[in-house]
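Chemist:
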Amino acid sequence: MNTKSTPSNTEERQSRFELRTLLETSRMLIESQEPDFVLNNLLLITMGKLLVPKGMILINKDSDYFYLVSKIKGRSSLSEDDTIQLNFPEAALEHAVLQGTDHPEITKKLGLPDESILFNLRTTNHHLGFLCLGPKGTGKSLTDSELEFIESLTIISSVAIANSRMFQELRLINRKLDRKVHDLHTLLELSKDFNLMVDQEEIARTFKFAMLGQMLIRTFFFVLDIEDEKSIVASSGLKEKPSNKELNTLFELEDVFYCEEKHDCPFLEKNDIRLVIALYFQNEKIGVVGVGSPANNESYGKEQVDFLQSLGNLALLTIQKTLLLEEQVEKKRMEEELNLAKTIQQGLFPSPIPKIKGFDLKATNISSRQVGGDYFDILETQDGGSILAIADVTGKGVPASLLMANLQSMLHALAPIGITLAEATRSINNIIYENTPPDKFITFFWGKISADGKKFDYVNAGHNNPLLFREGIKKPIELDKGGVILGAIPSITPYDSASIEFQPGDVLVLYTDGVTEAMNPQKTEEYEEERLIACLENNLEKPSQDIMDAVIEDITDFSDGVQYDDITLMVLKVN
């Protein structure tokens, strides 16, 4: 006996079929990591399911009114990748399904019949766009079951689109991170190479190979201004050399100059130079690097500019070092060499002391010999913050000063790169450990003032703990978080970092052991930290310069003017 299908059995089979279809489709869409795949399948599945001959998908362009025509099927006056403005009422975007008959001006603009239906593609927090379907080819209206099926599919697709977008963003971030790690590794390796070089031609040759091999740049030039004489120290692919007038013009351009902007230097156009970057030493522009298009013809973004600046600064500082060493070799008498070395070392300190908005900052270094191993620096970071650094190299004289100069060059090379203080300290420690004798190491402290002046992140690598005096607190706060001194052992465990929030009236004092270890004339007693704290507490209401002068005067009185070690002080007062 034949069993006829009842309507309820047919509906049940249809429901199970739709459920299986929904489950299989959802798995396929959610596992996809490509938005284009998700959108294309969403449109094809819904049009095939409903026998709709015309449909499209609109993607919102981060605006309530502008949409990108992402996918389109059927004849239409619109094309894929067109942008169209649709003025939906704000309340309409809250609905899951919009009937075309309620928005005839919208369907007309889309070239769809009024009987079309728009399904809202949205997540909990974001409106992504619309799935727009024309009427069925049969002319029948969509059933409640069909509407519910498509609405469920759009919800799944919206999640899949959001996930795929997030995946693509993460993939982009990972690529950028990999690029930064690669650039940092390259700079660290080049830093080790440059630090071993004493010949200007060898430096220029290494710089050239780095441009060709790392940046894939075939056309470039590197100009230095040495004693008011500008000349090209390295170049490749130039069709002609610049005139003296053009060399001077290069130094008048902005620090980062894209050559499509207006300029008065024919040399740049003749050689198809795309970007010119200025290089500074002791706040003076003494170098210029110009580059043509890379081999992959990509434009120069911030990451590429930062890498070129860091590479140029490495070469520039190394060339400066070689020039200074050459000057020293030319001197016949040791006294003349030491005097020159003292001038060199003082030049490595910032002068004048940079001003930081919202702070009263003063610093000084008093060497016990012609040259010493103490070091301090103030650097401006790419994000508008400021770095304070202080260090003490073991020993005295020329060896200590040279190691200090290497530390300064590494600091200036790493400062423009967007890595944490802890990571940078780890890299500096490894370079010093691998490239200096075992009896040479550095106590080191540095910290970064945020761009808004409210936060101070720091790392202390075995240095005397800086003292933070704060109103209402009896004892000064010691900044002691960090790790081992630089150069003693390789970086096995990570360096710790810590943060403090500045408050108005705070006074931060950084110093080397030449302050607390100053001796009395009989060499029986040291100045020690207790005397330093007492002197500072008696002068906290004064400006930074007066506080620093008071400490130096107190040390001079205690030691009767006899100095056995370098003295370095930095006083920062929060206005």
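Heads up: the sequence shown is residues 8 to 582, going by this note's numbering. Note that beta-carbon positions come from the ideal geometry of N, C-alpha and C, so glycine has one too. These figures come from a predicted structure and were not determined experimentally.
Near Glu508, what residues of its chain come up, given a Cβ to Cβ distance below 7 Å and the 5 sequence neighbours on each side ignored?
Modeler: Here residue 508 refers to the residue found at position 501 of the sequence shown. Counting only Cβ-Cβ distances below 7 Å, and skipping sequence neighbours, we find Lys461, Lys462.
Chemist: Just how far apart, CA to CA, sit Pro301 and Ser242?
Modeler: As a working mapping, residue 301 is identified with position 294 in the sequence shown. As a working mapping, residue 242 is identified with position 235 in the sequence shown. So the alpha carbons of these two residues sit roughly 15 Å apart.
Chemist: In whole angstroms, what separates the C-alpha of Gln92 from that of Cys139?
Modeler: What you label residue 92 is simply residue 85 of the sequence shown in a count that begins at 1. What you label residue 139 is simply residue 132 of the sequence shown in a count that begins at 1. Each residue's alpha carbon lies about 15 Å from the other.
Chemist: Please report the distance separating the alpha-carbon of Leu160 from that of Gln316.
Modeler: Your numbering for residue 160 matches position 153 in the sequence shown. Your numbering for residue 316 matches position 309 in the sequence shown. Distance between the alpha carbons of Leu160 and Gln316 is about 51 Å.
Chemist: What residues are listed by DSSP as bridge partners for Val283?
Modeler: Stepping through the sequence shown from its first residue, residue 283 is reached at position 276. Paired residues: Phe264, Gly297.
Chemist: Do you know how far the Cα of Pro357 is from the Cα of Asn372?
Modeler: Residue 372 sits at position 365 when you count from the first residue of the sequence shown. Residue 357 sits at position 350 when you count from the first residue of the sequence shown. Each residue's Cα considered, the two are about 11 Å apart.
Chemist: Apart from the five residues on each side of it in sequence, which residues of its chain come closer than 6 Å, Cβ to Cβ, to Lys61?
Modeler: Numbered from its first residue, the sequence shown carries residue 61 at position 54. Within the same chain, Lys61 has close Cβ partners Gly81, Gly141.
Chemist: Beta-carbon of Glu535 versus every beta-carbon of chain D: anything under 8 Å?
Modeler: Absent from the structure is chain D; it holds one protein chain and no more.
Chemist: Does Asn437 come out as helix, strand or coil in the three-state DSSP assignment?
Modeler: On the sequence shown, position 430 is the one that residue 437 refers to. It is helical.
Chemist: Is it right to say Val569 is buried, meaning 16 or more other beta carbons lie within 10 angstroms of its own, or is it exposed?
Modeler: Residue 569 sits at position 562 when you count from the first residue of the sequence shown. When all chains shown are included, Val569 counts as exposed.
Chemist: Touch check for the stretch 441-455 and the stretch 491-499: three-plus C-beta pairs under 8 Å?
Modeler: The stretch 441-455 is in contact with the stretch 491-499.
Chemist: In terms of DSSP beta bridges, what is Gln106 paired with?
Modeler: Here residue 106 corresponds to residue number 99 of the sequence shown, with the count starting at 1. Note: Gln106 sits in a beta bridge opposite Ile124.
Chemist: Could you tell me whether the Cβ atoms of Tyr382 and Ile363 are closer together than 8 Å?
Modeler: Translated into the one-based positions of the sequence shown, residue 382 becomes position 375. Translated into the one-based positions of the sequence shown, residue 363 becomes position 356. In this structure, Ile363 does not lie closer than 8 Å to Tyr382 by Cβ.
Chemist: Taking 8 Å as the threshold (C-beta atoms), are Leu231 and Ile293 in contact?
Modeler: Working through the sequence shown from its first residue, we reach residue 293 at position 286. Working through the sequence shown from its first residue, we reach residue 231 at position 224. In contact: Ile293 and Leu231 (Cβ atoms closer than 8 Å).
Chemist: Quick one: Cα of Leu547 to Cα of Leu179, how far?
Modeler: In the sequence shown, counting from the first residue as 1, residue 547 sits at position 540. In the sequence shown, counting from the first residue as 1, residue 179 sits at position 172. So the alpha carbons of these two residues sit roughly 50 Å apart.
Chemist: Identify every residue that forms a DSSP beta bridge with Leu51.
Modeler: Stepping through the sequence shown from its first residue, residue 51 is reached at position 44. Leu51 is not bridged to any residue.
Chemist: Would you mind giving the Cβ-Cβ distance between Ile52 and Met63, rounded to the nearest angstrom? I have them listed as a contact below 8 Å.
Modeler: Indexing the sequence shown from 1 puts residue 52 at position 45. Indexing the sequence shown from 1 puts residue 63 at position 56. Between Met63 and Ile52 the Cβ distance is about 14 Å, and since that is not below 8 Å, they are no contact.
Chemist: Measuring alpha carbon to alpha carbon, tell me which residue in Thr131, Leu117, Lys56, Phe137 is nearest Leu125.
Modeler: Against the sequence shown, residue 125 aligns to sequence position 118. Nearest option by C-alpha distance: Phe137.
Chemist: State the Cα-Cα distance for the pair Val296 and Glu430, rounded to the nearest angstrom.
Modeler: Taking the sequence shown and counting its residues from 1, the one referred to as residue 296 is at position 289. Taking the sequence shown and counting its residues from 1, the one referred to as residue 430 is at position 423. Using only the alpha carbons, I get a separation of about 28 Å.
Chemist: Does the beta-carbon of Gln353 have 16 or more other beta-carbons within 10 angstroms, so that it is buried, or is it exposed?
Modeler: Taking the first residue of the sequence shown as position 1, residue 353 is located at position 346. It is exposed - the Cβ of Gln353 has fewer than 16 other Cβ atoms within 10 Å.
Chemist: Could you have a look at Thr575 and say whether DSSP puts it in helix, strand or coil?
Modeler: Translated into positions along the sequence shown, residue 575 becomes position 568. Here Thr575 sits in strand by DSSP.
Chemist: What's the gap between the Cα of Ala422 and the Cα of His270?
Modeler: On the sequence shown, residue 422 is found 415 positions in, with the first residue counted as 1. On the sequence shown, residue 270 is found 263 positions in, with the first residue counted as 1. The alpha-carbon atoms of Ala422 and His270 are separated by roughly 30 Å.
Chemist: Identify whether Asp232 lies in helix, strand or coil by the three-state DSSP scheme.
Modeler: Indexing the sequence shown from 1 puts residue 232 at position 225. DSSP places Asp232 in strand when its eight states are reduced to three.
Chemist: Inspect the beta-carbon positions of Phe228 and Ile239 and report whether they are closer than 8 Å.
Modeler: Start at 1 with the first residue of the sequence shown, and residue 228 comes out as number 221. Start at 1 with the first residue of the sequence shown, and residue 239 comes out as number 232. For Phe228 and Ile239, yes; Cβs fall inside 8 Å.
Chemist: Per DSSP, what are the beta-bridge partners of Ala422 in this structure?
Modeler: Numbered from its first residue, the sequence shown carries residue 422 at position 415. The partner list for Ala422 (beta bridge, DSSP) is empty, contrary to what the question assumes.
Chemist: Run through the DSSP bridge pairs and tell me what Tyr518 is partnered with.
Modeler: If you number the sequence shown from 1, residue 518 lands on position 511. For Tyr518, which the question treats as bridged, DSSP gives the partners Leu576.
Chemist: Below 6 Å CB to CB, which residues in the same chain sit around Ser374 once its five sequence neighbours on both sides are set aside?
Modeler: Here residue 374 corresponds to residue number 367 of the sequence shown, with the count starting at 1. Excluding sequence neighbours, Ser374 sits near Asp573.
Chemist: To the nearest angstrom, how far is it from the Cα of Leu386 to the Cα of Thr500?
Modeler: Translated into positions along the sequence shown, residue 386 becomes position 379. Translated into positions along the sequence shown, residue 500 becomes position 493. Leu386 and Thr500: Cα-Cα distance of roughly 27 Å.
Chemist: Taking Pro42 as the reference, give the member of Lys56, Glu247, Ile163, Leu332 with the closest Cα.
Modeler: Taking the first residue of the sequence shown as position 1, residue 42 is located at position 35. The residue with the shortest Cα to Cα distance from Pro42 is Ile163.
Chemist: Between which two residues does the alpha helix (DSSP H) containing Phe366 stretch?
Modeler: Taking the first residue of the sequence shown as position 1, residue 366 is located at position 359. Careful: Phe366 lies outside any alpha helix (DSSP H), inside the beta strand (DSSP E) at 366-373.
Chemist: Taking its Cβ as the centre, do 16 or more other Cβ atoms sit within 10 Å of His110, making it buried, or is it exposed?
Modeler: Taking the sequence shown and counting its residues from 1, the one referred to as residue 110 is at position 103. It is buried - the Cβ of His110 has at least 16 other Cβ atoms within 10 Å.
Chemist: Taking only runs that begin and end inside the stretch 486-534, name each unbroken alpha helix (DSSP H) of 4 or more residues, in chain order.
Modeler: Counting only runs of 4 or more, we get 520-523.
Chemist: What three-state label does DSSP hand Thr226 in the structure shown?
Modeler: Residue 226 sits at position 219 when you count from the first residue of the sequence shown. It is coil, neither helix nor strand.
Chemist: Which value, in whole angstroms, describes the spacing of the CA atoms of Lys580 and Thr213?
Modeler: For the purposes of this step, residue 580 is identified with residue 573 of the sequence shown, where counting begins at 1. For the purposes of this step, residue 213 is identified with residue 206 of the sequence shown, where counting begins at 1. Cα to Cα, Lys580 sits roughly 44 Å from Thr213.
Chemist: Name the one or two DSSP bridge partners that Met63 has.
Modeler: By one-based count along the sequence shown, residue 63 stands at place 56. Ile79, Cys139, per the DSSP bridge assignment.
Chemist: So Gly621 and Ile284 are supposed to be a Cβ contact under 8 Å. How far apart are they, rounded?
Modeler: Given that the chain is displayed from residue 8 to residue 582, the structure contains no residue 621 and the question cannot be resolved.
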